[in-house]
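Sequential numbering from 1 applies to the sequence shown in the working numbering. No residue lacks a Cβ here, since even glycine has one placed at the ideal position from N, Cα and C.
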Amino acid sequence: MSQFDIPLFEQMSVKAVIDGMNIVRAYQLRDKTIGEASIKGADNTFLTVVDRECGEVLRAHIRDNFPSVRIIIEDVGASHEESVVTIYGDPIDGTLAFTIGLPTSTVILGAYDTKTKHVLACTIGEPASGRLWYTRSGQSYAATWDFTIRQFRNERQITVWQGALSDNAAVCLDLPQGFKRSGRQILTNEQAGKLLIELSAYRLLLPGSNGLHQAVLAQGNDKMAGAITSAIGGPQDVLGVQLVRNAGGAARAFRMTEDRNLLEVSPRAIEDYDILVVGNNQHTVDQLCGILASALNA
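See below:
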């Protein structure tokens with residue numbers, strides 16, 4: 001393990017995400033005007049001025065506390081430090097949901113050890129509600145930030161739901177049409193369609209934010225069973241895998257090979273895969289992976 005100060009990062013990341021949520025929230029409440037969203041050529045996803053504004057806030061917090069650590073903030077850019085640890089951030093995970101007025105977008109910040117291939121710490125915040133999910137000392141926690149009095153409410157340790165995957169259980173899916181990663185289309189339209197059909201056996205939800213999927217799974221509300229992320233724009237989208245694992249959940253991950261087969265890799269190695277499957281237990285994850293494999297045969 002690196003000499004990276006994990007407790008300091010855990011404290012800093014919560015503060016940074018709260019400040020980032022304040023930026024996003026002002027636009028969600030329409031105190032500020034978003035303007036037109038552009039489409040990024042690399043992955044066919046959306047970008048707004050708010051992504052950059054929030055990203056600069058995250059970067060300022062990191063730079064003040066970890067000046068020698070490499071930083072990669074989506075839509076803001078990467079620094080050039082050479083360090084074992086990389087700090088990843090996503091100013092708005094779920095930009096399209098944010099742009100059209102849905103409240104489900106999140107702000108994500110986490111630290112990743114590139115040598116041990118392990119997420120050291122992660123914080124996810126939901127600006128619309130003030131909800132926060134974060135790691136601390138190997139556990140996962142949730143709380144709500146009250147924007148009015150600027151205090152935390154209902155801070156508690158969280159664990160995943162203990163139920164079984166069934167037709168009454170919820171599964172979240174991230175499957176934006178036409179998504180590409182570095183020019184590669186991960187799922188064809190036919191495969192995406194088959195995946196949707198097969199997952200409709202459960203209570204299928206598409207909230208629009210990978211971070212939110214992972215956070216609410218870790219939170220363990222009744223009937224929340226699992227999630228599939230097939231549109232990973234970068235490692236920042238799957239930092240929440242650590243929240244799930246700390247909360248007692250399970251995960252499997254896959255890289256799409258050049259001949260369009262799934263190669264399983266460690267879900268801890270967030271820089272190495274294209275698809276993440278998380279669940280409240282190993283059996284749920286294995287069931288969802290079976291559905292994914294079936295869809296890829298379309």
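- prompt: For residue 135, which residues from the same chain have a beta carbon less than 7 Å from its beta carbon, with the 5 sequence-adjacent residues on both sides left out?
  reply: 10, 121, 122, 242, 243 and 246
Element boundaries [beta strand (DSSP E), containing residue 91]: 85-93
query: Considering only residues of the region 136-202, which uninterrupted beta strand (DSSP E) runs meet the minimum length of 3 residues and lie entirely inside it, listed in chain order?
result: 139-146, 151-157 and 170-174
message: Please state whether the Cβ-Cβ distance between residue 119 and residue 239 is less than 9 Å.
response: yes
query: Taking all protein chains shown into account, do 16 or more other C-beta atoms lie within 10 angstroms of the C-beta of residue 149, making it buried, or fewer, making it exposed?
result: exposed
message: If I follow the unbroken beta strand (DSSP E) through residue 263, where does it start and stop?
response: 262-265
message: Using 8 Å as the cut-off, can you tell me whether the region 93-108 makes contact with the region 210-223, which would need three or more C-beta pairs spanning the two stretches below that distance?
response: yes
field: Span of the alpha helix (DSSP H) around residue 290
entry: 282-295
message: Considering just the uninterrupted stretch of the beta strand (DSSP E) at residue 72, what are its terminal residues?
response: 70-73
task: Under 8 Å Cβ to Cβ from residue 24, same chain only, skipping five residues before and after it: list those, please.
output: 50, 54, 91, 92, 98, 105, 107 and 127
task: Report yes if the CB atom of residue 179 is closer than 9 Å to the CB atom of residue 173, and no otherwise.
output: no
- request: Check the C-beta distance from residue 184 over to residue 233 and give it rounded, since I have them as a contact under 8 Å.
  value: That belief does not hold up - the Cβ atoms of residue 184 and residue 233 are roughly 12 Å apart, past 8 Å.
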